[in-house]
Each structure stands twice: as C-alpha cells, then as structure tokens.
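Enquirer: Let me begin by handing over the structure; questions about it come next.
Below, the structure is given as structure tokens:
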C-alpha cells in the first residue's frame, strides 16, 4: 500500500516537472519558428550576370550572394520567421559579387539604378525556381516551379491596386499572403496617403473573409486587435 502511494506521488511529481519544463521552453519554441527555403534560378539572356543575390530587408544575416554557374544559381537554408507567417525577400543578379546592403539601398534611393525596383524580383522564402531574362528585368522573372506563396504575392499587388482585395482573400482565405495584405493595410491606415491600398473595403470585412485557422493564429489575433483599435 505504501509502495503504491509512493509510486503515485512520484508519477504526480514527474508530471508537474514535465509541465513546468514545457511551460519554460514554449516561448523559446514560438520565438524560434523557422522556415526552410530553396530558391533557384536560370539566367537565360544575360552573359554579364555573374552573381545572384538574395536579400531580406534590414537583415544583414539574410544578405546572400552566390556565383552563377552554367547560367544557374541556388540558395538554400533556414530562416527565423520571428513571429511572422512568411518571409518576403528580393532576388537580383549582377556582374559584381561585392555589392553590400548599404550600396543596394543607395542605388535605389539615389536612382543609380535607372530601372529602380525593376532590377529586383520579390520572392517569398520557400521552394521556388525562376527563369530570369536579364538583370534589368529581374522583376518580371517567371516562376517555373514551386513558389506557391510567391505567385500569390505577385497576384496580391494588382488585386490591391485594382480594388479587388475581397476577391483575392476569397480565393486564398487560408493563405498567409492574405493575412499580410490586411496587416499592411492596417499599418498604412493612418498615413496621409495609402498609395495603392484598397480604400473601398472596410478592414473588418476583409478580416472576416480569412479562414478560422488564420483568425485563431497568434498573428491573426493580433491583427484583429489592431483593426479594433483603429
């Protein structure tokens, strides 16, 4: 009887210890959420392009450069999402392999790159393959395989500009791109000019179109709070 009681107490203590351990590491697991990516490409009509760059804005740890070999390049790895549902980046090719992040921003800001953002191909870090015509038209690079979120990201820009946000979110209610679209609108809500933001649809209506999974996610809950606070 005594032995049985001791066994029950031991099991109870072990459960409490495990529970405390899980509580202590849960925040670390949430904060350390990572995503894997494999970004590949082929340059089909630009012999001057010698290097490919993959850049996440304001993140020097995600400023990658690789040589282009046999007209092809590849980036792979893992990145910390830092609480976000996706990780946007840009891709570009150049004859130089020593461009820095500061120089990149300077080129864009000062207009050294006449084509500006046409040199940059927006990409969501995931498994995706591009076909790049040349460095001056990198923004128009075609997705030849993978790139589910990247293609949705491409589709979201004209949807917002043309006032078709509702149609886009109805089409992709469970996509982090839809959540990101609404979040950007919330951030721009108080700005004097919202640029190409869709002003026709109340943010609450757009939010209501999201899937229940996204609404119940940490970012979905925070987005709802931000909308309610406007």
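In the numbering used here, the protein residues as written are 14 to 243. Beta carbons: idealized from backbone N, C-alpha and C, even for Gly. Note that the structure is predicted; figures quoted are calculated from it, not measured.
#1: Take the Cβ of residue 218 as the centre, count every other Cβ of all protein chains shown within 10 Å, and call the residue buried at 16 or more, exposed below.
#2: Within the chosen definition, does the region 148 to 168 reach the region 64 to 72 through at least 3 CB pairs nearer than 8 Å?
#3: Short check: CB of residue 138 to CB of residue 100, under 8 Å?
#4: Could you name the residues that DSSP lists as bridge partners for residue 56?
#5: According to the neighbour-count rule (16 or more other Cβ atoms, all chains shown, within 10 Å of its Cβ), is residue 201 buried or exposed?
#6: Suppose the cutoff is 6 Å on Cβ atoms and the five residues either side in sequence are ignored; what does the same chain contact list for residue 206 look like?
#7: In whole angstroms, what is the alpha-carbon distance linking residue 96 and residue 46?
#8: Quick check on residue 115: buried or exposed, where buried means 16 or more other Cβ atoms within 10 Å of its Cβ?
#9: So, at 6 Å on beta carbons, what are the nonlocal neighbours of residue 229 in its own chain, with the 5 sequence-adjacent residues on each side left out?
#10: So if DSSP puts residue 76 in a beta bridge, which residue, or which two residues, is it bridged to?
#11: Assess, as a yes-or-no matter, whether the region 189 to 200 is touched by the region 164 to 179 under the definition of 3 or more beta carbon pairs within less than 8 Å.
#12: Can you find the residues in the same chain that come closer than 8 Å, C-beta to C-beta, to residue 155, ignoring five residues on each side of it along the sequence?
#13: Along the beta strand (DSSP E) that carries residue 107, what are the first and last residues, could you check?
#14: Nearest by alpha-carbon distance to residue 80: which of 153, 189, 55 is it?
#15: Could you compute how far the alpha carbon of residue 91 sits from the alpha carbon of residue 67?
#16: Would you report the Cα separation of residue 136 and residue 194, rounded to the nearest angstrom?
Expert: A quick look at the data gives this:
#1: Translated into positions along the chain shown, residue 218 becomes position 205. Label assigned to residue 218: exposed.
#2: no
#3: Numbered from 1 along the chain shown, position 125 holds the residue referred to as residue 138. Numbered from 1 along the chain shown, position 87 holds the residue referred to as residue 100. Yes, the pair counts as a contact, with Cβ atoms nearer than the cut-off.
#4: Here the question's residue 56 lines up with position 43 in the chain shown. Paired residue(s): 145.
#5: Along the chain shown, read from residue 1 onward, the residue named residue 201 stands at position 188. By the neighbour-count rule (16 or more Cβ atoms within 10 Å), residue 201 is not buried but exposed.
#6: Residue mapping note: residue 206 aligns to position 193 of the chain shown, counting from 1. Unreliable placement is indicated for residue 206, whose pLDDT of 49 sits below 50; the coordinate value is still reported in the next sentence. Excluding residues within five positions, none has a Cβ falling inside 6 Å.
#7: As a working mapping, residue 96 is identified with position 83 in the chain shown. As a working mapping, residue 46 is identified with position 33 in the chain shown. One C-alpha to the other measures close to 7 Å.
#8: Here residue 115 corresponds to residue number 102 of the chain shown, with the count starting at 1. Classified as exposed, residue 115 has fewer than 16 neighbouring CB atoms from the shown chains inside 10 Å of its CB.
#9: Your numbering for residue 229 matches position 216 in the chain shown. Same-chain partners within the cutoff: there are none.
#10: Translated into the one-based positions of the chain shown, residue 76 becomes position 63. Beta-bridge pairing links residue 76 to 68.
#11: yes
#12: For the purposes of this step, residue 155 is taken as residue 142 along the chain shown, with counting starting at 1. Correct list, in chain order: 143, 144.
#13: Against the chain shown, residue 107 aligns to sequence position 94. Bounds of the beta strand (DSSP E) holding residue 107 are 101 to 107.
#14: Sequence index remark: in the chain shown, residue 80 carries index 67 (1-based). For the residues 153, 189, 55, the minimum Cα distance to residue 80 belongs to 55.
#15: Counting from 1 along the chain shown, the entry for residue 91 is found at position 78. Counting from 1 along the chain shown, the entry for residue 67 is found at position 54. Taking the straight line joining both Cα atoms gives about 13 Å.
#16: Position 123 of the chain shown holds residue 136. Position 181 of the chain shown holds residue 194. Spanning the two alpha carbons is a distance of roughly 15 Å.
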